Amino acid sequence: MITITPEAYNSVLAQAQGDVPNESCGYLLGTDKETVTENYPMTNIDHSPEHFSFDPKEQFAAIKYARSKGLVVVGNWHSHPATPSRPSEEDIRLAFDPNILYFILSLAGEKPVFNAFKIADGKVIEKTELYH
Ligand SMILES: [Zn+2]
Numbered sequence: 019m020i021t022i023t024p025e026a027y028n029s030v031l032a033q034a035q036g037d038v039p040n041e042s043c044g045y046l047l048g049t050d051k052e053t054v055t056e057n058y059p060m061t062n063i064d065h066s067p068e069h070f071s072f073d074p075k076e077q078f079a080a081i082k083y084a085r086s087k088g089l090v091v092v093g094n095w096h097s098h099p100a101t102p103s104r105p106s107e108e109d110i111r112l113a114f115d116p117n118i119l120y121f122i123l124s125l126a127g128e129k130p131v132f133n134a135f136k137i138a139d140g141k142v143i144e145k146t147e148l149y150h
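For the sequence shown, the residue numbers in my numbering are 19 to 150.
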């Protein structure tokens with residue numbers, strides 16, 4: 019079962035709310051592949067409400083940081099400021115790694131919605147609802 023600590027979730031939420039109207043993004047690190055304990059905030063170098071891209075230097079730094087703390091990369095997250103918490107066609111197309119989770123935070127509704135997705139072969143194969 020996938021879990022995320024309230025501290026890590028609150029960090030994601032605060033970062034995403036601060037980046038509205040643009041999408042926000044980061045890595046989620048944890049003590050094992052299913053236990054998120056930390057948000058590693060990253061820059062959306064697209065600075066766009068509809069797209070996001072990681073900065074390769076920050077991705078490298080995140081992995082280095084995780085290793086130094088004995089943590090693993092559980093997955094990455096991005097926000098959808100105005101659309102639901104499900105992967106767009108582009109999100110699915112860009113999800114290259116079936117071994118990590120893709121988390122999406124939606125700020126479109128009255129309450130934030132946070133789901134985790136496993137994506138393989140161009141399809142969502144698993145969805146976990148974390149906050150709604
Ligand atoms: Zn998206």
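We put the CB at the ideal spot given by N, CA and C, even for glycine.
This structure is a prediction, so every number in the text was calculated from the model and none was measured.
Endpoints, the beta strand (DSSP E) within which residue i is located
| i | result |
| --- | --- |
| Glu-153 | It is not possible to answer for residue 153, since the shown part of the chain is limited to 19 through 150. |
| Asn-62 | No beta strand (DSSP E) holds Asn-62; DSSP gives it neither H nor E. |
| Thr-101 | Where Thr-101 is concerned, there is no enclosing beta strand (DSSP E), given that its DSSP letter is neither H nor E. |
| Asp-50 | 43 to 50 |
| Ile-143 | 141 to 149 |
Residue i to residue j span [Cα, whole Å]
| i | j | result |
| --- | --- | --- |
| Asn-40 | Asp-50 | 30 Å |
| Lys-129 | Ile-81 | 31 Å |
| Pro-151 | Gly-127 | The chain is shown from 19 up to 150; residue 151 falls before or after that span and cannot be answered. |
| His-69 | Gly-88 | 31 Å |
| Pro-102 | Glu-147 | 13 Å |
| Asp-109 | Thr-61 | 17 Å |
| Glu-107 | Ala-100 | 16 Å |
| Thr-23 | Glu-56 | 8 Å |
CB-CB length for residue i against residue j, believed under 8 Å
| i | j | result |
| --- | --- | --- |
| Gly-44 | Asn-94 | 7 Å |
| Ser-123 | Val-30 | Here residue 123 is Leu; the residue named in the question, Ser, does not match the sequence. Yes, they are in contact, since the Cβ atoms of Leu-123 and Val-30 sit about 6 Å apart, within 8 Å. |
Contact set for residue i: own chain, Cβ-Cβ below 8 Å, skip 5 residues either direction
| i | result |
| --- | --- |
| Glu-52 | Met-19, Ile-20, Thr-21 and Val-92 |
| Ala-84 | Tyr-45, Leu-47, Tyr-58, Val-90 and Val-91 |
DSSP three-state assignment for residue i, whether helix, strand or coil
| i | result |
| --- | --- |
| Glu-76 | helix |
| Ala-34 | helix |
| Glu-4 | Any answer about residue 4 is impossible in this case: the structure gives the chain only from 19 up to 150. |
| Lys-87 | coil |
| Ser-29 | helix |
Contacting residues, own chain, Cβ-Cβ under 6 Å from residue i (five flanking each side not counted)
| i | result |
| --- | --- |
| Tyr-149 | Phe-132 |
Same chain, Cβ closer than 7 Å to residue i, five either side skipped, listed in chain order
| i | result |
| --- | --- |
| His-96 | Glu-41, Ser-42, Cys-43, Phe-70 and Ile-122 |
Test: residue i CB closer than 8 Å to a CB of chain D
| i | result |
| --- | --- |
| Gln-77 | Among the chains in the structure shown there is no chain D, since it carries only a single protein chain. |
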